[in-house]
Amino acid sequence: MKSKKLSLPYIAWMLVFTMIPLVMIGITAFKDRQGNFSLEPFANAFGYSGVFFKSLWIALLSTLICLVLAYPLAYLLTRMKKSSQNLIQMLLMIPMWMNFLLRIYAWVILLQKNGPLDTALSLLGIHGTYIGNTGAVVVGMVYEYLPFMVLPIYTVMSKIDTGLIEAAQDLGSNGAQVFGRVIFPLSLPGVISGITMVFVPSASTFLVSQYLGGTDDIMIGDVIDKIFWTDSNTGSAISLVLMVFIFVFLVIMNLFGDEEAIA
Amino acid sequence: MRKNKLSVVSKIYIGIILFFLYAPIGVMIFASFNKSNTTVWKGFSLKWYGELFRDKAIMNALGNTLIIAVLASLLATVLGTAAAIGINNFRGKKRAVIQNVSNIPIISPDIVMGVSLMLLFSFLGVIFHFEMGFGTVLVSHICFCVPFVVLNVMPRLRRMDQSVYDAALDLGCNQWQAFYKVVIHELMPGIFSGLLMSFTYSLDDFVITHFTQGAKFNNLSTEIYSMLRRKIPPTINALSALLFLAIIIIMVMVNIYERRAEKREIKRGN
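Chains as they are written, first to last, in my numbering: chain A, 8 to 270; chain B, -6 to 263.
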């Protein structure tokens, strides 16, 4: 198939449904409600900078926890029998297929007052509130995105040439040295793509904090959702800032890792 | 890598992670059989399942979700496979630009894609007099599905031996015959995983649908969203349990298919 023509329908499609909408966001962000050029939307958007940084903080925290939990798991996976590897991989993916809202709602049930966790801990004499705070939001995020961290790290680790490990062992490295000098450096592309796959969606997600967080845990995605229906100009300005931020983040991550792993 | 037996600590660690992943789902499934609509156990009952099937809004939303997922994944697969073949014939800078633009829906935050499509549709709606609904949701789903198809088919195209296609032409096929008799079989695993990914992303989508659904159309996610906003009905637990069951059945089926495909590849000597 030597024809380039086959891609024409898709190129036209992308022009209408990818490029034009983004251009429209760009234009709307620089207009006031009357439709004249204005920087007012950005001035309004600036008012949400606190929410913006809080979102980044929650996303960062979630990403780090995912990394700490996922890395050992990915490593252990590569040391299992192939059949157990497939099984665990499948078990990691099944919850991901569950509806996004139901997964978050499941945590509402689990953490709510007089819910299973509260009841169990009360029996041990521990009383507390487990929902409506930043911690609950982070738990929800980690639950939501953990497999996105495990799978790329695991994929990269399982492709490491066993010859390299054997060579390191032959040359006198012990287990820790093999890990530190061979496996860890070679697994970094997976780590980079895992960080990207967790950070980007968790920084821009909405609803998670509405269900699990308190009033001051509102995230930038929730703000866009709330504001866009009434004030699409400010909504566009915030979206544009978020988009630019994510883009810069991806470029920086790209400098560290190779492009293939991230795409 | 050395395949020694995992230590007890490692096994416990894996166990804890799996517990973390399944405990919330387990709690919901457990609650779905509870006679009471509180979290206190009042005895076994299937009444929430009965109520679920009588809930017209949910059944309607489920139907919509399936129709959208089937149509969006099929159309995206056709569009994406054709696109991948076409893009594969571009070289250098042009190719890089097209591929990067194609990846935008994957890279950009869902919410930005959602609001940008909403802007487009409400603008076009004023000009062409239509309201957002089934059509706009379908188009939006195709938008985020096609890039996955392209990404899955592309590596297969690169690995494909060009001479197979040329041989088909030499043996008297025209371009179309060569495509559906030869090329498509080489691409099939990529097409299939693209289709599957599209289907699952479409089934699960909330954000994009939320912004492009208009006033009357609901898929399962948006219906659950409005359910959770009104009051929290216990039928939602029954719904989760059934979805979980469906996912497991699909997963097992896909696994069997992949095993067979692997065996076939091994037989062919790949």
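Here a beta-carbon is modelled for each residue, glycine too, at the ideal position from N, C-alpha and C.
Since we're looking at a predicted model, the values are computed, not measured.
For residue j and residue i, the rounded distance between their alpha carbons
{"i": "Leu180 of chain B", "j": "Asn27 of chain B", "result": "48 Å"}
{"i": "Thr222 of chain A", "j": "Val245 of chain B", "result": "42 Å"}
{"i": "Val144 of chain A", "j": "Ile51 of chain B", "result": "27 Å"}
{"i": "Gln119 of chain A", "j": "Tyr112 of chain A", "result": "10 Å"}
{"i": "Ile101 of chain A", "j": "His122 of chain B", "result": "42 Å"}
{"i": "Gln168 of chain B", "j": "Tyr194 of chain B", "result": "33 Å"}
{"i": "Ser180 of chain A", "j": "Val189 of chain A", "result": "10 Å"}
{"i": "Leu150 of chain B", "j": "Phe210 of chain B", "result": "38 Å"}
{"i": "Val146 of chain B", "j": "Ile91 of chain B", "result": "15 Å"}
{"i": "Arg222 of chain B", "j": "Gly132 of chain A", "result": "33 Å"}
{"i": "Gly43 of chain B", "j": "Leu235 of chain B", "result": "12 Å"}
{"i": "Ala77 of chain B", "j": "Leu13 of chain A", "result": "8 Å"}
{"i": "Gln217 of chain A", "j": "Ile201 of chain B", "result": "18 Å"}
{"i": "Cys138 of chain B", "j": "Tyr17 of chain A", "result": "12 Å"}
{"i": "Lys89 of chain A", "j": "Ala81 of chain A", "result": "13 Å"}
{"i": "Cys136 of chain B", "j": "Ile104 of chain B", "result": "14 Å"}
{"i": "Gly187 of chain B", "j": "Thr70 of chain B", "result": "7 Å"}
{"i": "Glu267 of chain A", "j": "Gly187 of chain A", "result": "Summary for Glu267 of chain A: the model assigns pLDDT 48, below 50, so the residue's position carries little reliability; its value from the coordinates is reported in the next sentence. Between Glu267 of chain A and Gly187 of chain A, the C-alpha separation is close to 24 Å."}
{"i": "Leu67 of chain B", "j": "Gly183 of chain B", "result": "14 Å"}
{"i": "Gly19 of chain B", "j": "Met204 of chain A", "result": "26 Å"}
{"i": "Phe254 of chain A", "j": "Pro227 of chain B", "result": "41 Å"}
{"i": "Ile269 of chain A", "j": "Gly57 of chain A", "result": "Model confidence at Ile269 of chain A stands at a pLDDT of 41, short of 50, so the residue's coordinates are unreliable; what they give is reported in the following sentence. Roughly 29 Å between the two C-alpha positions."}
{"i": "Val265 of chain B", "j": "Tyr78 of chain A", "result": "Any answer about residue 265 of chain B is impossible in this case: the structure gives chain B only from -6 up to 263."}
{"i": "Gln176 of chain A", "j": "Leu84 of chain A", "result": "21 Å"}
{"i": "Tyr15 of chain B", "j": "Leu117 of chain A", "result": "12 Å"}
{"i": "Arg(-5) of chain B", "j": "Asn248 of chain B", "result": "Interpretation of Arg(-5) of chain B is limited by its pLDDT of 49, a score under 50 that renders its predicted location unreliable; no figure is taken from the coordinates."}
{"i": "Val258 of chain A", "j": "Phe191 of chain A", "result": "23 Å"}
{"i": "Asn263 of chain B", "j": "Arg253 of chain B", "result": "In this prediction, Asn263 of chain B has a pLDDT of 49, which is less than 50 and means its spatial position is unreliable; what the coordinates show is noted afterwards. Going from the Cα of Asn263 of chain B to the Cα of Arg253 of chain B covers about 14 Å."}
{"i": "Met21 of chain B", "j": "Thr35 of chain A", "result": "43 Å"}
Within-7 Å CB hit, residue i to chain B
{"i": "Met226 of chain A", "result": "no"}
{"i": "Leu71 of chain A", "result": "no"}
{"i": "Lys11 of chain A", "result": "yes"}
{"i": "Leu262 of chain A", "result": "no"}
{"i": "Pro102 of chain A", "result": "yes"}
{"i": "Ile116 of chain A", "result": "yes"}
{"i": "Phe24 of chain A", "result": "yes"}
{"i": "Glu266 of chain A", "result": "With a pLDDT of only 49 at Glu266 of chain A, under the threshold of 50, the placement of this residue in the model should not be trusted, and no figure is reported."}
{"i": "Phe60 of chain A", "result": "no"}
{"i": "Leu171 of chain A", "result": "no"}
{"i": "Ser211 of chain A", "result": "yes"}
{"i": "Leu219 of chain A", "result": "no"}
{"i": "Ala19 of chain A", "result": "no"}
{"i": "Ala113 of chain A", "result": "yes"}
{"i": "Ser14 of chain A", "result": "yes"}
is_contact[residue i, chain A] using C-beta, thresh 7 Å
{"i": "Phe121 of chain B", "result": "no"}
{"i": "Ala113 of chain B", "result": "According to the sequence displayed, residue 113 of chain B carries Leu and not Ala. Leu113 of chain B counts as touching chain A."}
{"i": "Cys166 of chain B", "result": "no"}
{"i": "Gly79 of chain B", "result": "yes"}
{"i": "Asn82 of chain B", "result": "yes"}
{"i": "Ser0 of chain B", "result": "no"}
{"i": "Pro102 of chain B", "result": "yes"}
{"i": "Cys138 of chain B", "result": "no"}
{"i": "Ile10 of chain B", "result": "yes"}
{"i": "Met147 of chain B", "result": "no"}
{"i": "Leu110 of chain B", "result": "yes"}
{"i": "Tyr250 of chain B", "result": "no"}
{"i": "Met153 of chain B", "result": "no"}
Counted within 10 angstroms of its Cβ, other Cβ atoms place residue i as buried (16 or more) or exposed
{"i": "Gly228 of chain A", "result": "buried"}
{"i": "Lys256 of chain B", "result": "exposed"}
{"i": "Trp41 of chain B", "result": "buried"}
{"i": "Ser109 of chain B", "result": "buried"}
{"i": "Met31 of chain A", "result": "buried"}
{"i": "Asp168 of chain A", "result": "exposed"}
{"i": "Trp34 of chain B", "result": "exposed"}
{"i": "His134 of chain A", "result": "exposed"}
{"i": "Asn121 of chain A", "result": "exposed"}
7 Å Cβ cutoff, residue i in contact with chain C
{"i": "Pro17 of chain B", "result": "Judged by its chain identifiers, the structure shown contains no chain C, and its protein chains are A and B."}
(request) Using a Cβ-Cβ cut-off of less than 7 Å, list which residues of the region 191 to 213 of chain B approach chain A; keep chain order. (result) For the region 191 to 213 of chain B, residues whose beta-carbon sits nearer than 7 Å to a beta-carbon of chain A comprise Thr193, Asp197, Phe199 and Leu213.
(request) Could you please tell me which residues of the region 240 to 256 of chain A, in chain order, have their CB closer than 9 Å to any CB of chain B? (result) Going along the region 240 to 256 of chain A in chain order, one finds Gly242, Ser243, Ser246, Leu247, Leu249, Met250, Ile253 and Phe254 with a Cβ nearer than 9 Å to chain B.
(request) Count the CB pairs spanning the region 225 to 245 of chain A and the region -5 to 15 of chain B that are closer than 8 Å, and state whether there are at least three. (result) No, because fewer than three Cβ pairs between the region 225 to 245 of chain A and the region -5 to 15 of chain B fall closer than 8 Å, the two stretches do not touch.
(message) By the 8 Å beta-carbon criterion, what residues does the region 184 to 208 of chain A contribute toward chain B?
(response) So the close ones are Val207 and Pro208.
(request) Count the CB pairs spanning the region 56 to 76 of chain B and the region 116 to 135 of chain B that are closer than 8 Å, and state whether there are at least three. (result) Verdict: yes, contact present.
(request) Anything in the region 29 to 51 of chain A with a Cβ closer than 8 Å to a Cβ of chain B? List those residues in chain order, please. (result) With the criterion set as a beta carbon lying under 8 Å from some beta carbon of chain B, the members of the region 29 to 51 of chain A are Leu29, Met31, Ile32 and Thr35, in sequence order.
(message) Quick check: the region 65 to 78 of chain A against the region 142 to 160 of chain A, are at least 3 beta-carbon pairs closer than 8 Å?
(response) Yes, the region 142 to 160 of chain A touches the region 65 to 78 of chain A.
(request) Give the residues from the region 56 to 76 of chain B that approach chain A closer than 8 Å (Cβ to any Cβ), ordered along the chain. (result) From the region 56 to 76 of chain B, only Leu72, Gly73, Ala75 and Ala76 have a Cβ closer than 8 Å to chain A.
(request) Using a Cβ-Cβ cut-off of less than 8 Å, list which residues of the region 129 to 142 of chain A approach chain B; keep chain order. (result) Under the 8 Å Cβ criterion, the region 129 to 142 of chain A contributes no residue.
(message) Please identify, using Cβ separations under 9 Å, the residues of the region 155 to 166 of chain A that lie next to chain B, in order along the chain.
(response) Flagged, chain order: Val157, Met164 and Ser165.
(message) Would the region 88 to 102 of chain B count as touching the region 154 to 161 of chain B if we require 3 or more Cβ pairs under 8 Å?
(response) Remark: fewer than three beta-carbon pairs, one from each stretch, lie closer than 8 Å, so the region 88 to 102 of chain B and the region 154 to 161 of chain B are not flagged as touching.
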